[in-house]
Amino acid sequence: MNLEGKFAMVTGGTRHRPGDHQGAARRRFRCADRRSERDGLNAARGDDSRILTVVADLANPDDRVRLIEQLTSGRPLDILVNNAGSMTRIDIHNPNAESLMEHDVALDLAAPVHLSIDLLPVLWQRPEAAIVNVSTGLIYAPLAFNPGYSTAKAGLHAFTRSLRRQTRSDSIHVLEVFPPIVYTELTRNHGGPKIGVEAVGAAVVKALVHNRNELRIGRAKFLYSMSRIVPNVIFSMINRATEKRALIT
Ligand SMILES: NC(=O)c1ccc[n+]([C@@H]2O[C@H](COP(=O)([O-])OP(=O)(O)OC[C@H]3O[C@@H](n4cnc5c(N)ncnc54)[C@H](OP(=O)(O)O)[C@@H]3O)[C@@H](O)[C@H]2O)c1
Numbered sequence: 095m096n097l098e099g100k101f102a103m104v105t106g107g108t109r110h111r112p113g114d115h116q117g118a119a120r121r122r123f124r125c126a127d128r129r130s131e132r133d134g135l136n137a138a139r140g141d142d143s144r145i146l147t148v149v150a151d152l153a154n155p156d157d158r159v160r161l162i163e164q165l166t167s168g169r170p171l172d173i174l175v176n177n178a179g180s181m182t183r184i185d186i187h188n189p190n191a192e193s194l195m196e197h198d199v200a201l202d203l204a205a206p207v208h209l210s211i212d213l214l215p216v217l218w219q220r221p222e223a224a225i226v227n228v229s230t231g232l233i234y235a236p237l238a239f240n241p242g243y244s245t246a247k248a249g250l251h252a253f254t255r256s257l258r259r260q261t262r263s264d265s266i267h268v269l270e271v272f273p274p275i276v277y278t279e280l281t282r283n284h285g286g287p288k289i290g291v292e293a294v295g296a297a298v299v300k301a302l303v304h305n306r307n308e309l310r311i312g313r314a315k316f317l318y319s320m321s322r323i324v325p326n327v328i329f330s331m332i333n334r335a336t337e338k339r340a341l342i343t
């Protein structure tokens with residue numbers, strides 16, 4: 095894919111300025127996030143005219159419809175990056191477990207499915223277009239304390255494969271990204287080695303240029319291989335480590 099001059103919509107893109115990612119120079123973005131007041135959207139935009147911002151709570155279907163309407167009536171869109179996500183710690187014994195699960199599933203699964211399907215007609219108008227779904231290595235070994243996240247991302251993986259298969263003769267390329275633990279707000283309380291967002295951004299750009307279907311980065315490769323060989327061992331291993339951390343904190 096030639097990324098020169100392409101226009102991308104990145105959901106949940108404001109905590110890290112997309113324009114700062116290595117390889118992002120001369121590319122144009124629109125970001126959608128929940129909050130405008132915080133340093134979020136405004137900081138992401140700064141005085142960079144290449145970045146347009148939209149406020150939308152993507153867990154809410156009405157907000158998603160509003161966003162889709164803006165994208166269908168506005169300037170051409172070449173790339174949709176379904177990146178916004180939340181990873182809530184949920185004890186299923188608690189009475190509010192179901193609503194917390196629903197929220198994670200709405201944001202991490204229903205939103206990318208909704209945006210991808212409804213924006214297909216916009217992407218079809220472009221000579222080459224892409225949908226990038228940000229998944230996780232945890233689809234290979236779910237974290238029991240994050241059941242909403244793990245369930246949603248496993249569903250996103252299945253949806254992404256179906257989408258790719260059904261659009262294989264279209265001009266749309268479908269890329270699924272499996273990051274390892276990245277240094278962001280989401281992993282603020284997680285231990286272990288983390289990589290920077292810039293490294294993930296650069297790898298995604300390269301994967302798009304080379305029309306890759308799946309991009310596993312760093313330890314996500316390890317999770318993938320181990321889940322093929324000893325799935326129960328790797329599932330117990332990562333869950334034991336998280337449970338031990340939960341007892342300490
Ligand atoms: N960090 C990791 O180690 C890691 C590993 C594997 C996969 N991933 C995936 O990478 C993606 C990005 O994660 P991250 O680490 O950058 O998370 P993050 O630091 O928590 O950022 C999440 C982003 O999503 C936005 N967001 C949250 N709820 C939203 C909502 N209801 N509507 C619209 N936007 C919303 C946030 O906007 P506000 O600032 O407005 O809340 C923020 O920009 C996620 O899909 C995650 O699953 C991350």
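The sequence shown begins at 95 in our numbering and counts up by one.
Note that CB positions come from ideal geometry on N, CA and C, so glycine has one too.
Computed from a predicted model, the values in this text were never measured in an experiment.
- Proximity of the beta carbon of residue 109 to ligand 1 is indicated: a heavy atom of the ligand is located closer than 7 Å.
- For residue 211, the enclosing alpha helix (DSSP H) begins and ends at 205-218.
- Ligand 1 approaches residue 128 closely enough that one of its heavy atoms is under 7 Å from the residue's Cβ.
- A residue is called buried when at least 16 other Cβ atoms come within 10 angstroms of its Cβ; residue 300 does not meet this threshold and is exposed.
- Beta bridge pairing from DSSP links residue 169 with no other residue.
- Going by DSSP, residue 254 is part of the alpha helix (DSSP H) stretching over 241-260.
- In the DSSP assignment, residue 235 falls outside any beta strand (DSSP E), carrying neither H nor E.
- Relative to the Cα of residue 313, the nearest Cα in the group 235, 102 and 210 belongs to 235.
- When secondary structure is reduced to three states using DSSP, residue 152 falls in the coil class, being assigned neither helix nor strand.
- The beta carbon of residue 201 sits closer than 7 Å to at least one heavy atom of ligand 1.
- Comparing alpha carbon positions, the residue from 267, 293 and 282 closest to residue 96 is 267.
- Looking at 165, 237 and 201, the one whose alpha-carbon comes closest to that of residue 334 is 237.
- Short of 6 Å from the beta carbon of residue 233, and not among the five residues preceding or following it, lie these beta carbons of its own chain, in chain order: 247, 248 and 251.
- Listed in chain order, the beta strand (DSSP E) runs fully inside the region 297-334 are 308-310, counting runs of at least 3 residues.
- For residue 208, the CB contacts under 6 Å within the same chain, skipping 5 residues up- and downstream, are 158 in chain order.
- Taking 8 Å as the cut-off, the beta carbon of residue 177 is found closer than this to the beta carbon of residue 106.
- Between ligand 1 and the CB of residue 155, the shortest heavy atom gap is not smaller than 7 Å.
- Residue pairing of residue 270 in beta bridges, as defined by DSSP: 227 and 308.
- Residue 218 and residue 259 have their C-alpha atoms some 16 Å from each other.
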